[in-house]
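Here's the structure we're looking at; comments come further down.
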Amino acid sequence: MAKELIKGNTAIAEAALRAGLQAYFGYPITPQTELLEHLSARMPELGRPFVQAESELGAINMVYGVACTGKRVMTSSSSPGVSLMMEGLSYIAGTEVPAVLVDVVRGGPGLGNIAPAQGDYNQIVHGGGHGDYHLLVLAPASVQEAVDLTVLAFDLAEKYRNIVAILLDGSIGQMMEPAELPPMQPLKTEIPDWAVRGTKHGEKRVLTSINLDPPAQEVMNLRLMKRWQEIEKNEVRYKGYFLDDAEYVIVGFGTAGRISLSAVRAAREKGLKVGLFRPITVAPFPKDVIDQLTQQVKAFLVVEMNAGQMLEDVRLVVRGRKPVEFFGRMGGVVPLPNEVEEEIERLIKEPLTTEGHPRDRWLARLAETIG
Amino acid sequence: MVVTDQPTKIVYKRPTSLDPRVTHYCPGCTHGVAHRLVAEVLDEMGEVGNTIGVASVGCSVFSYYYFDMDFVEASHGRAPAMATGIKRVYPDRTVFTYQGDGDLASIGMGEIVGAASRGELITVIFINNANYGMTGGQMAPTTLPGQKTTSSPTGRDVSRQGYPIQTAELLATLEGSAYVVRRSLHSAREIRKAKKAIRTAFEVQKHGLGFALVELLSTCPTNWGLTPDAARNWLEERMIPAFPLGDYKISSAVADLQI
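Given below as structure tokens:
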């Protein structure tokens, strides 16, 4: 199929539809709304359910209902709306049913603004809902990657009966880029053996997240953890750039990773041995590769559009063996490549330490701005 | 003992769609009656093998123990949203929610109004017993002015704690609502009327006529601190004046329905 110039939100919507999306429920929120708008036209056209819900609470619980039937279902939102969905996500996880969530992150906390940010990392990756569960989280850095990961998301959700989140920021959602859309897949017809279906044939099926017997609930929790270990073993995805001889490595996901790549290329032109490591699955986090890189490099620089949320995951792997520095922009401010380049130069020139916390050093550098 | 060769005629038995289980409901609670009525109606309509139920949070959180059919369990208040999802992908199935007053009229008011306004083709069985039963008898949106509960210990003071919500009346104002009525479970006569309403509410769904809800005034002897008999009297004397029984919305299509 030929490439077309298409907006990120629209591309994800169309990719989901072509991946066999059987029902969509959502609520308007910027910078995600085009996704809902596109499906509001396309789903009815194909005779598939689309409901603009009364709220994000309504939307995620409509998703929960369809997830219990085993049909392909998705919702999308942006940060404040995703906060509202946390309850539903915990229930869906606790019921062990598959669903896909798209979070087009905007500046926060609170109402924040509608500009691109990555401040939802913790709430998506480390679970904003109650209880021990994990989302499988895919972080695209371009419209094409968002399309490809959307298709993958449905397969992974079904394979593991787990929620898969596509975590992108407003700039990928809003940006138009050439992308190739996937072919139209036929809709799934088989009903999984666990799904409710309302039939007189076979056993009664009940799907619930309640279990009043603590030991039995513990067994359920252990099952979730075992499944997560399997996901960690099988599903780690990432991209490395200029890593073979890199002495300094930037770690960044999504747009922060993409912008850092421009900085890395510029640094390479100056002969600096810098590489980029871009996690595509931020959950499961690519721990092993970062562990290997730790042995190879002189120092890491983590770049994010938040106050260093993934930074903590990187530090857990590096464990003080090598210096880790941090650079972040927040509140809807997108870092510029030359800002990252300056950070690379600082990393190379200035004395480094494994003591203290990189966030403190970053904030100290911003002392004048903070006042 | 009179011996007769007349064949035995069964006049009363457990509905086939009700599982034979020991109830977890308190003595004198009318949840069991409501469950039975729903099961009888689904039996009579031949819908048992074609139904998906949505349980809610409250005393009826385990209602799926009793119904012999596929069920899901919603989070607090969100049963109408879950039912919406299921009904939209399974339009030929009968989908119903079974919700209490805290679930539906407090935390879940947004979801029930949304479902009713969309004319969602689901049936809602709404149990109004004027308090939060499962958590031990706190004030509900349906608690009467002056009624003592564990969170309105001196009686519901409307100046601080507001007024009861008349759910059936409120939902009847919505165009998407096809059938919204209030019945009671305090006497045999009213129970028979309630069953007829439940049957209609499921027929409305089967015929695709719109959103259907039956509000059932119910007793909660344990939390009201009354005997089952006194609870029935309290319901009749105190609740019915605040929540009058009647038909609040019968769309013209429903009025024409022949059952």
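From first to last, the protein sequence lines are chains A and B. Per my numbering, the first sequence starts with residue 1, numbered consecutively. Per my numbering, the second sequence starts with residue 1001, numbered consecutively. C-beta: ideal position from N, C-alpha, C; glycine also. Small disclaimer: the values here were computed from a predicted structure and weren't measured.
### Query
Mind pulling the alpha helix (DSSP H) runs of 4 or more residues that sit fully within the stretch 1025-1057 of chain B?
1031-1045
### Message
For chain B, check one thing: does any of its Cβ atoms lie closer than 8 Å to the Cβ of A93/A?
### Response
The residue labelled residue 93/A in the question sits at position 93 within the first sequence. Answer no: the Cβ-Cβ gap between A93/A and chain B never drops below 8 Å.
### Per-residue burial, W1224/B [other beta carbons within 10 Å of its own, 16 or more giving buried]
Along the second sequence, read from residue 1 onward, the residue named residue 1224/B stands at position 224. By the neighbour-count rule (16 or more Cβ atoms within 10 Å), W1224/B is buried.
### Task
Say whether chain A places a C-beta atom closer than 8 Å to the C-beta of R1183/B.
Reading the second sequence from its first residue, position 183 is the one you call residue 1183/B. Answer no: the Cβ-Cβ gap between R1183/B and chain A never drops below 8 Å.
### Task
Compare the C-beta of E1111/B with all C-beta atoms of chain A and state if any pair is closer than 8 Å.
If you number the second sequence from 1, residue 1111/B lands on position 111. Closer than 8 Å: yes.
#### Entry: Below-8 Å beta-carbon distance, S1177/B vs any chain A residue
For the purposes of this step, residue 1177/B is taken as residue 177 along the second sequence, with counting starting at 1. No, its Cβ sits nowhere closer than 8 Å to a Cβ of chain A.
### Query
In terms of DSSP beta bridges, what is E304/A paired with?
If you number the first sequence from 1, residue 304/A lands on position 304. Note: E304/A sits in a beta bridge opposite G328/A.
### Query
D1157/B by DSSP, collapsed to three states: which one?
Along the second sequence, read from residue 1 onward, the residue named residue 1157/B stands at position 157. If DSSP states are grouped into helix, strand and coil, D1157/B belongs with coil.
### Task
Below 8 Å between beta carbons is the criterion; list the residues of the stretch 1027-1053 of chain B that meet it against any residue of chain A, in chain order.
V1048, G1049, N1050, T1051, I1052
### Query
Curious, which full-length beta strand (DSSP E) runs of at least 3 residues does the stretch 248-295 of chain A contain?
248-251, 274-279, 281-283
### Task
Give the C-beta separation of I280/A and A139/A to the nearest angstrom, bearing in mind that I take them to be a contact with Cβ-Cβ under 8 Å.
Along the first sequence, read from residue 1 onward, the residue named residue 280/A stands at position 280. Along the first sequence, read from residue 1 onward, the residue named residue 139/A stands at position 139. That belief holds up - the Cβ atoms of I280/A and A139/A are roughly 6 Å apart, short of 8 Å.
### Message
Give me the residue from L156/A, G65/A, A59/A, R359/A with the minimum Cα distance to N234/A.
### Response
If you number the first sequence from 1, residue 234/A lands on position 234. For the residues L156/A, G65/A, A59/A, R359/A, the minimum Cα distance to N234/A belongs to L156/A.
### Task
Can you have a look at R1160/B and say buried or exposed, based on whether 16 or more other CB atoms are within 10 angstroms of its CB?
Here residue 1160/B refers to the residue found at position 160 of the second sequence. Classification for R1160/B: exposed.
### Message
Taking its Cβ as the centre, do 16 or more other Cβ atoms sit within 10 Å of I1086/B, making it buried, or is it exposed?
### Response
Position 86 of the second sequence, counted from the first residue, corresponds to residue 1086/B. Buried.
### Task
Go ahead and pull the three-state DSSP assignment for V333/A.
Against the first sequence, residue 333/A aligns to sequence position 333. In this structure, V333/A counts as coil in the three-state DSSP scheme.
### Query
Which one or two residues does DSSP pair with Y1066/B in a beta bridge?
Looking up residue 1066/B in the second sequence gives position 66. According to DSSP, which records beta bridges pairwise, Y1066/B is partnered with nothing at all.
### Message
Just to confirm my understanding: we take G8/A, look at its own chain, exclude 5 residues before and 5 after, and list those with CB closer than 6 Å. What are they?
### Response
Walking along the first sequence from the start, residue 8/A turns up at place 8. The answer, listed in chain order, is V143, A146, I172, G173, M175.
### Query
Would H1035/B be called buried (16 or more neighbouring beta carbons within 10 Å of its own) or exposed?
Along the second sequence, one-based indexing puts residue 1035/B at 35. Burial call: buried.
### Query
How many angstroms separate the CA atom of A1115/B from the CA atom of L1216/B?
What you label residue 1115/B is simply residue 115 of the second sequence in a count that begins at 1. What you label residue 1216/B is simply residue 216 of the second sequence in a count that begins at 1. Cα-Cα distance, rounded: 19 Å.
#### Entry: Unbroken beta strand (DSSP E) run spanning I124/A, endpoints
Looking up residue 124/A in the first sequence gives position 124. Counting along the chain, I124/A falls outside any beta strand (DSSP E), though it belongs to the alpha helix (DSSP H) covering 121-125.
### Message
Output needed for P358/A: all residues of its chain with C-beta closer than 6 Å, excluding positions within five of it in sequence on either side, in chain order.
### Response
Indexing the first sequence from 1 puts residue 358/A at position 358. The answer, listed in chain order, is V324, E325, F326.
### Task
Write down the C-beta distance between G252/A and V303/A rounded to the nearest angstrom, noting that I regard them as a contact closer than 8 Å.
Within the first sequence, the letter at position 252 stands for residue 252/A. Within the first sequence, the letter at position 303 stands for residue 303/A. 4 Å between Cβ atoms; contact.
### Query
What residue range is occupied by the uninterrupted beta strand (DSSP E) comprising I6/A?
Here the question's residue 6/A lines up with position 6 in the first sequence. Start and end: 3-7.
### Query
Under a CB-based cut-off of 8 Å, is L156/A close to chain D?
Here the protein chains are A and B, and chain D is not one of them.
### Task
Go through its chain and collect everything with a Cβ distance to N162/A's Cβ below 6 Å, but skip five positions before and after it.
Here residue 162/A is taken as the residue at index 162 of the first sequence, counted from 1. The answer, listed in chain order, is L136.
### Task
Would you kindly check if the distance between the Cβ of G1102/B and the Cβ of A1140/B is under 8 Å?
Counted from its first residue, the second sequence places residue 1140/B at position 140. Counted from its first residue, the second sequence places residue 1102/B at position 102. Closer than 8 Å, so yes.
### Task
Please confirm if the stretch 338-354 of chain A is in contact with the stretch 1032-1048 of chain B, defined as three or more CB-CB distances below 8 Å between the two stretches.
no
### Query
Which residues bound the alpha helix (DSSP H) around G1114/B?
As a working note, residue 1114/B is residue 114 in the second sequence. First-last of the alpha helix (DSSP H) with G1114/B: 1109-1117.
### Interface flag, E56/A vs chain B, CB-CB below 8 Å
The count along the first sequence starts at 1 and reaches residue 56/A at position 56. With 8 Å as the cut-off, E56/A does not count as an interface residue toward chain B.
### Message
Any beta carbon of chain A sitting closer than 8 Å to that of R1093/B?
### Response
Sequence index remark: in the second sequence, residue 1093/B carries index 93 (1-based). Chain A, which has a Cβ nearer than 8 Å to the Cβ of R1093/B, makes this yes.
### Query
For I29/A versus G81/A, is the C-beta distance shorter than 8 Å?
As a working mapping, residue 29/A is identified with position 29 in the first sequence. As a working mapping, residue 81/A is identified with position 81 in the first sequence. Their beta carbons are under 8 Å apart, which means I29/A touches G81/A by this criterion.
### Message
I'd like to know whether the C-beta of R1156/B is nearer than 8 Å to at least one C-beta of chain A.
### Response
Looking up residue 1156/B in the second sequence gives position 156. Answer no: the Cβ-Cβ gap between R1156/B and chain A never drops below 8 Å.
### Query
Where DSSP assigns a beta bridge to I1125/B, which residues make up the other side?
In the second sequence, counting from the first residue as 1, residue 1125/B sits at position 125. Beta-bridge pairing links I1125/B to Y1098/B, V1214/B.
### Task
Have a look at the DSSP bridge pairing and note the partners of Q52/A.
Residue numbering aside, residue 52/A sits at position 52 when the first sequence is read from its first letter. In the DSSP output, where bridge partners are listed per residue, Q52/A has G26/A.
### Query
Does the stretch 200-216 of chain A come close enough to the stretch 232-250 of chain A to have 3 or more Cβ pairs within less than 8 Å?
no
### Query
Is the beta carbon of S1251/B less than 8 Å from the beta carbon of A1178/B?
Within the second sequence, residue 1251/B is the residue found at index 251, counting from 1. Within the second sequence, residue 1178/B is the residue found at index 178, counting from 1. Yes, the pair counts as a contact, with Cβ atoms nearer than the cut-off.
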